[in-house]
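Counting from 1, position 35 in the sequence shown corresponds to residue 96 in our numbering; the numbering is continuous, with no gaps.
Beta carbons: idealized from backbone N, C-alpha and C, even for Gly.
Treat the numbers as computed from the prediction; the structure is a model and nothing was measured.
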Amino acid sequence: MCADSTADPPGAQLLLDGVLPEFGYSRLESVAIAAPPPVTYEAARSLDLLTVHSPLLNAAMWARGLPDRLRGRAEPTPPTLRVADLFDTPGEPWGDQPWVALGENPGRELVFGAVGRPWQASIEWRRVGSQEFTRFDEPDWAKMAAALVVHPYGTHRSLLTYEARTACTDPVSDTRFGRYWALVSPGVGVVLRGTLHAVRTAAEQLARPGVMAST
């Protein structure tokens, strides 16, 4: 019996472990996908987050932006929010969005993050570069990192995980974020699952016989 050469050895560190090894809050969702890991990874990397829709997801995103809309401060929606854009054009991230690429293990992991104060009615963001993210410790902020990771699952399938972690930079911000997290954690789960299912749909379509050969 041959081991899968794409699988990492037991205990191998994830990029996310290096970027945000200590955290107080997390959410992890996963989905099995009927497509091999390279196809699943390409589907995850190519995903346009603006195409992820479901009634619950749309409601969660609408509610999140409501305070800014009521104040007349709603940010214009960029034409696309492709995951790949963060990594391929790091100098031109998603418009004025605060997310930055934090690491990529090609074929396996995509890690990105942002620093902000999400507990405020109108979320305040702090632009922090990828090289500064891990060591950033200025008080009264939350560091948020997310990772899409592709795992081999059997011989022809994949397991895709989407994990979101948050570490606060001082006890006061931790208390504030804790109250916020108690309210939004279920909605975060909806967003993560909606993203995973969008990737699954794209990957399984790509994996259909004849599709890869024609692309």
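inquiry  = Please report the distance separating the alpha-carbon of Thr222 from that of Val233.
reply    = 31 Å
request  = Grab the span of the alpha helix (DSSP H) containing Ser107 for me, first residue to last.
outcome  = 98-107
key: Buried versus exposed call for Ser219 [16 or more other C-beta atoms within 10 Å across all chains shown]   = buried
message = Please report the straight-line C-alpha distance between Gly85 and Ala203, rounded to a whole angstrom.
response = 10 Å
request  = With a 10 Å radius around its C-beta and 16 neighbouring C-beta atoms as the bar for buried, classify Pro167 as buried or exposed.
outcome  = exposed
task = Name, in chain order, the residues that DSSP records as bridge partners for Phe173.
result = Ala162, Ala207
query = Under the rule that 16 or more other beta-carbon atoms within 10 Å means buried, what is Leu111, buried or exposed?
reply = exposed
ask   = For Glu90 versus Leu257, is the C-beta spacing smaller than 8 Å?
value = yes
key: Spatially closest choice to Trp160 from Arg169, Gln181, Glu185, by CA coordinates   = Glu185
key: Candidates Val144, Pro97, Glu103, of which the one nearest Val113 by Cα   = Val144
Alpha-carbon spacing of Trp180 relative to Val189, whole angstroms = 18 Å
ask   = Ordered along the chain, which non-local residues of its own chain (more than five positions away) have a Cβ less than 7 Å from that of Ser191?
value = Val161, Ala162, Leu163
key: Length of the line joining the Cα atoms of Ala95 and Gly215   = 10 Å
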